[in-house]
Each structure stands twice: as C-alpha cells, then as structure tokens.
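J.: What follows is a single structure, and I will ask about it in a moment.
Numbering (the working numbering), first residue to last: 1350 to 1914.
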C-alpha cells in the first residue's frame, strides 16, 4: 500500500514551544508511517515585516503532493479575524484537513483546554502562595486560546473575591519583545504586584530578560518582579533561571491524534470531529515554589551542548561567497558534515516576484507556475549534472518527481528564499534525521548566502541595477534579516551565566565549611571553568555569525559597486 504524505503548516520550528510540536510531529509521523511536507511559514499579517515574507510558503500546498493537511491554526491565525481565516482556508478546499488550536467547519479540530490549565495556575498562586494582586499579560485579541486564558484569569479572581485591577492588566501579542517592553514599563513606573502571569512563555522570557538587563539601572527588587508564570512549556525555558512555572500543552498527544484522525479520514474510516485535550500545570521556581529541577537539568538535557555542537559544525564552514558554484561546493561539504540526506534549491522561471501575505486571502492569486532546479543533493551526494528533462518543473511540486522517495519515509521542510521585497524561490531540505537546532543553523547559513547570490544572478539576467540608495537599503536589510536568529545563543549565554552565578554562590558558602574537602573545591572550580568556556563558545558563535553576514554584505556591496561603475 502506498505510504501517505501529510502536509504540516507551522509558524517556525525553532526557539519556541513550536520546537516541541515539530519534534513530536516527527515522532508521530514515524509511528504512523507517513511522509511529511512541512511548510515553514509565519503568522499571517504579523506587523513584523519579515514574517509576512515567509508566509508565501503556504502557497506551495499541492493536492498532487499531499493526501491531507495539518494546520497549526492557533499561531498562523494569531493576527487575523475569522473572515480572513475563512478566506485563507479556501485555498485548501478538497484537501482533508486537521486544524490544531482553532475550530474549523468541515475539518477535524483539535483544541487544547487552555482555560482549565490557566485556572489551575492562577489558583495555585492564590491558594498555595497567598498572592492577591496578580498582574496579567494578555495574548493577541484575535487569538481564541489567548482569550480563553484571559477569561480563566478573570473567573478565578472572581471566585476568590479579588477585584479586577485594570492597572495591572496589559495587552500582549505572544512576542518576546512585547514581554520585554511591558516589563520595562512596569519597572520604570514602579508598578507593584504579587505575581505576574503571561499568556505565553515567549512574553515571560522577554520580561525575565528585561529584569536582568535593567536591574543595575533601576532600583527595584528583581526577585519580587521575577515572580511570574508563563504558558506552553517552551523549550526556551531551559535557558533561564529561575525555572519558570508554566502550563504544558500535550504535544505528543496532539500530534499523534492529528495524524491518526487524518489518516483515518483519508482512508474513509473517520469523519470531522472536535477533540479537546487537557493542559497541565508545571510547577517550577518562578512562582515561589522549590522546584525539583536543579542545575544539572540543563546539562542532562544536553540542550546547550547540542546547540554548541550544531553551531560549530555550521561555522566551521562559513558560507561567505556570492559565486554560485563555490557556494554549492561549500553547501555540499556542509550537508555531509551534518549527515543530512537531501537538499534542493530552486528559483522561479521568469525572475523574482513581489509578494505580500495579503495575497493569501485572494484565491485567484498564485505563485509562478514553473521553477528551475539549481542545486540538488540527494541521498547523501550532490547531483552534479541535473538532467534537462527534470530541471524545469511545476513550482508547487517543490522538487521533480524523481527526487520524491518511494522506498523510504521522508520529511521535506520547505523554506522561502527572498531578498528585501523580492522572492526568488525555495529551499527544500530532508529533515527526517535532523535535530531542530542543527537544521535552523543550516537554514540561516545557507539561505542568507543564497539570497545574495541569487539576487545578483537575477540582476545579471535582466540587466538592470538598483539605484545606489536602494542598494544600501538592501545591505541594511541583509544585516537585519538575521537578528532574531541570534536569540537562542544570546539566551543560552544568559542561562549559562546564571548557572555560573549559582556556582559562585555555592563556592562562597563553602568557604570555612569543614565538611567541604579540597576535592569538592576542585570540583566546583572545574564546573566554573566549564561554564565559562561555554559562555566564550556562545560569544564566539555570535561573533562569527555577525562576521559572516557582514562579509556577505561587503561582497554584495562590492559586486553592485562594480556593476554600477
């Protein structure tokens, strides 16, 4: 029997709770023996300009390539209303559909009971800790889960006869930077509370970062301001201390249920249904409790070590060239170092296109019909000579038919390639055996280099040049494009520094303690050295990443200058 192929639409795979969703979806696809096409986009109509450019990837959903589709609706539709979401979904009519986080007519819907999880968290703050003045940071006003979490907060206040205080209720949007700015304003205005609850972990992490950054500049009780909770149990919580109390979404259950229900429907054994799964309170330290977690958890999880390993692999082979052939050679070496199986790079036939994510609400809009395969790395080897009969293919097919494996399971991750306002094509990588940190580093390194190289290729093909001031704007955009990609190593430095501070405190406490032996002192000293080295390694990674982008910008600038002269 032919193995089924399922499309999965996500708003990113790295750095937030979606990493857990991605990992569990990979695990579920193995359990249910199905292939995945993963469309790596962003939330629709997000105010952040680059996010809108990623959403073009949703246009690549193709009935000829997939048997069904899982849409992470709660994040994709964060910033749009119901009417816009309905228009967006019209693109996928005729495809069996699972919607996660938002109820959709004529589809299987899987909802998380966010309300009960949030209620349990607020009750814990009131009943266990005795907090009464509880601040709350809401999520996007168009996000149903965010609204449920806010309703839960209000209902628990009411059941405990606590009056709602508008002065400590803040409008958020699930974004790290928003959490940072809200906490910054709280500190500046000296707003008081017993505890603060964020509608998601990313905003809580932003707030925690603000507390650390501003603790020297402003006179406030950092420990008191840091009494907080989040929601989602994001992987990024592993990088902060104290560990943040949160509510976990059962991603493994969601992913298994998504694929099983969808595969049953495809086989005619299931039908549209609404499933509701529970969320679970995870008590840690930030609420004031003593967590069972300790410093060794960071090491035990190998998160920091995996990040260092993956970043070092990438940066050993810095891709800093705009010669396409040299670039392809380096990409090939990079893929072999990472033990990745396949990667394909293609560009639109006819040149670049301009794109806005508003086009997704217009069913008549479509991407260019044909694409040209520029680079193929398949089954561990580069295809040096791409045959003419497969070089040009239907864009929505993503890759030519000959590169779709039938004998083994695959997970193809699709990422758009764009430079400033112009879209060039896509990159498709086989993510079956890749860890998300390694995969993200590959995407950053390769795609940022490709953008410049392909843009220069397009400029040469059409024999047109940008005015000098617009060229400078493109250079600035290239530098700005990767700023958010440095967030993980920056947070890792923060986490490592916190561990180091705890070790210093431990060492201070050991001075004069007769029970502490010389061997104990050496052990603490060695732990300090290990974490200092990690901080230096992370710092080196950031420096190399910035240097890479800077070199790319300089090369691009020189090429444009030479053409202008």
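Just so you know, even glycine gets a beta-carbon here, dropped at the ideal spot from N, CA and C. All of these numbers come straight from a predicted model, not from anything done at the bench.
Going by the beta-carbon positions, is the gap between residue 1706 and residue 1422 smaller than 9 Å?
T.: Position 357 of the chain shown, counting from 1, holds the residue named residue 1706. Position 73 of the chain shown, counting from 1, holds the residue named residue 1422. Contact flag unset, no.
J.: What does the alpha-carbon distance come out to for the pair residue 1459 and residue 1714?
T.: Taking the chain shown and counting its residues from 1, the one referred to as residue 1459 is at position 110. Taking the chain shown and counting its residues from 1, the one referred to as residue 1714 is at position 365. About 29 Å.
J.: Nearer than 8 Å: is that true of the beta carbon of residue 1679 relative to any heavy atom of the ligand SAH?
T.: The ligand SAH is absent from the structure shown, which contains no ligand whatsoever.
J.: Check whether the Cβ atoms of residue 1732 and residue 1750 sit closer than 9 Å, and answer yes or no.
T.: Mapped onto the chain shown, residue 1732 falls at position 383. Mapped onto the chain shown, residue 1750 falls at position 401. No, these two residues do not count as a Cβ contact at 9 Å.
J.: Is residue 1441 helix, strand or coil when you go by DSSP?
T.: Sequence index remark: in the chain shown, residue 1441 carries index 92 (1-based). If DSSP states are grouped into helix, strand and coil, residue 1441 belongs with the helices.
J.: Measure from the alpha carbon of residue 1300 to the alpha carbon of each residue in 1482, 1519, 1586, 1516, then state which is nearest.
T.: A query on residue 1300 cannot be resolved here, the shown segment of the chain reaching from 1350 to 1914 and no further.
J.: Please classify residue 1782 as buried or exposed, where buried requires at least 16 neighbouring CB atoms within 10 angstroms.
T.: Position 433 of the chain shown, counting from 1, holds the residue named residue 1782. Exposed: under 16 other Cβ atoms inside 10 Å.
J.: State the Cα-Cα distance for the pair residue 1395 and residue 1695, rounded to the nearest angstrom.
T.: To locate residue 1395, count along the chain shown from 1; it is residue 46. To locate residue 1695, count along the chain shown from 1; it is residue 346. The straight-line gap from Cα to Cα measures roughly 27 Å.
J.: Pair every Cβ in the segment 1750–1766 with every Cβ in the segment 1379–1394, then say whether three or more of these pairs are closer than 8 Å.
T.: Short answer: they touch.
J.: Name the residue from 1477, 1773, 1549, 1724 whose alpha carbon lies nearest to the alpha carbon of residue 1702.
T.: Walking along the chain shown from the start, residue 1702 turns up at place 353. For the residues 1477, 1773, 1549, 1724, the minimum Cα distance to residue 1702 belongs to 1773.
J.: Assuming residue 1493 and residue 1550 make a contact with CB atoms under 8 Å, what is their CB distance in whole Å?
T.: Working through the chain shown from its first residue, we reach residue 1493 at position 144. Working through the chain shown from its first residue, we reach residue 1550 at position 201. That pair is no contact at about 18 Å.
J.: Just how far apart, CA to CA, sit residue 1485 and residue 1512?
T.: Counted from its first residue, the chain shown places residue 1485 at position 136. Counted from its first residue, the chain shown places residue 1512 at position 163. Cα-Cα distance, rounded: 13 Å.
J.: For residue 1350, does the count of other Cβ atoms within 10 angstroms reach 16, so buried, or fall short, so exposed?
T.: Reading the chain shown from its first residue, position 1 is the one you call residue 1350. So residue 1350 ends up on the exposed side.
J.: Could you tell me whether the segment 1433–1450 touches the segment 1561–1570, using the rule of 3 or more Cβ pairs below 8 Å?
T.: Taking 8 Å as the limit for Cβ pairs, the verdict is that the segment 1561–1570 does not touch the segment 1433–1450.
J.: Cβ of residue 1689 within 9 Å of Cβ of residue 1353?
T.: Mapped onto the chain shown, residue 1689 falls at position 340. Mapped onto the chain shown, residue 1353 falls at position 4. Not in contact: residue 1689 and residue 1353 (Cβ atoms no closer than 9 Å).
J.: Between which residues of its own chain and residue 1724 is the CB-CB distance below 6 Å, once the five residues before and five after are set aside?
T.: As a position in the chain shown, residue 1724 is number 375, starting the count at 1. If we look at residue 1724 and ignore the five residues flanking it on each side, its Cβ neighbours are 1677, 1694.
J.: Touching or not, the segment 1449–1459 and the segment 1473–1481, by the rule of three or more beta carbon pairs under 8 Å?
T.: Too few Cβ pairs lie closer than 8 Å, so no.
J.: Using 8 Å as the threshold, is the segment 1617–1633 in touch with the segment 1588–1601, meaning 3 or more CB pairs across them?
T.: The segment 1617–1633 vs the segment 1588–1601: in contact.
J.: Out of curiosity, what's the CA-to-CA distance linking residue 1557 and residue 1412?
T.: Translated into the one-based positions of the chain shown, residue 1557 becomes position 208. Translated into the one-based positions of the chain shown, residue 1412 becomes position 63. The alpha-carbon atoms of residue 1557 and residue 1412 are separated by roughly 44 Å.
J.: Using beta-carbon positions only, say whether residue 1553 and residue 1474 come within less than 9 Å of one another.
T.: Here residue 1553 is taken as the residue at index 204 of the chain shown, counted from 1. Here residue 1474 is taken as the residue at index 125 of the chain shown, counted from 1. Cβ atoms of residue 1553 and residue 1474: not closer than 9 Å.
J.: State the DSSP-derived secondary structure class of residue 1743, mapped to helix, strand or coil.
T.: Sequence index remark: in the chain shown, residue 1743 carries index 394 (1-based). DSSP places residue 1743 in strand when its eight states are reduced to three.
J.: Please confirm whether residue 1741 has its beta-carbon closer than 9 Å to some beta-carbon of chain C.
T.: As a matter of chain content, chain C is missing from the structure shown, which is built from one protein chain.
J.: Do residue 1529 and residue 1559 have their C-beta atoms within less than 9 Å of each other?
T.: Position 180 of the chain shown, counted from the start, is the residue given in the question as residue 1529. Position 210 of the chain shown, counted from the start, is the residue given in the question as residue 1559. It is a contact, given that the beta carbons lie within the stated cut-off.
J.: Rounded to whole angstroms, what is the Cα-Cα separation between residue 1816 and residue 1769?
T.: Against the chain shown, residue 1816 aligns to sequence position 467. Against the chain shown, residue 1769 aligns to sequence position 420. Bear in mind that the predicted position of residue 1816 carries a pLDDT of just 49, short of 50, making it unreliable; the figure below should be weighed with that in mind. If I take the Cα positions, the gap works out to 14 Å.
J.: In the segment 1389–1432, which residue ranges form an unbroken alpha helix (DSSP H) of at least 4 residues, counting only runs that do not cross its ends?
T.: You should have 1398–1403, 1422–1425.
J.: Tell whether a beta-carbon distance below 9 Å holds between residue 1748 and residue 1717.
T.: What you label residue 1748 is simply residue 399 of the chain shown in a count that begins at 1. What you label residue 1717 is simply residue 368 of the chain shown in a count that begins at 1. Their beta carbons are not under 9 Å apart, which means residue 1748 does not touch residue 1717 by this criterion.
J.: Evaluate residue 1755 with the Cβ neighbour count: other Cβ atoms within 10 Å of its Cβ, from every protein chain shown; 16 or more gives buried, anything less gives exposed.
T.: The residue labelled residue 1755 in the question sits at position 406 within the chain shown. Result: exposed.
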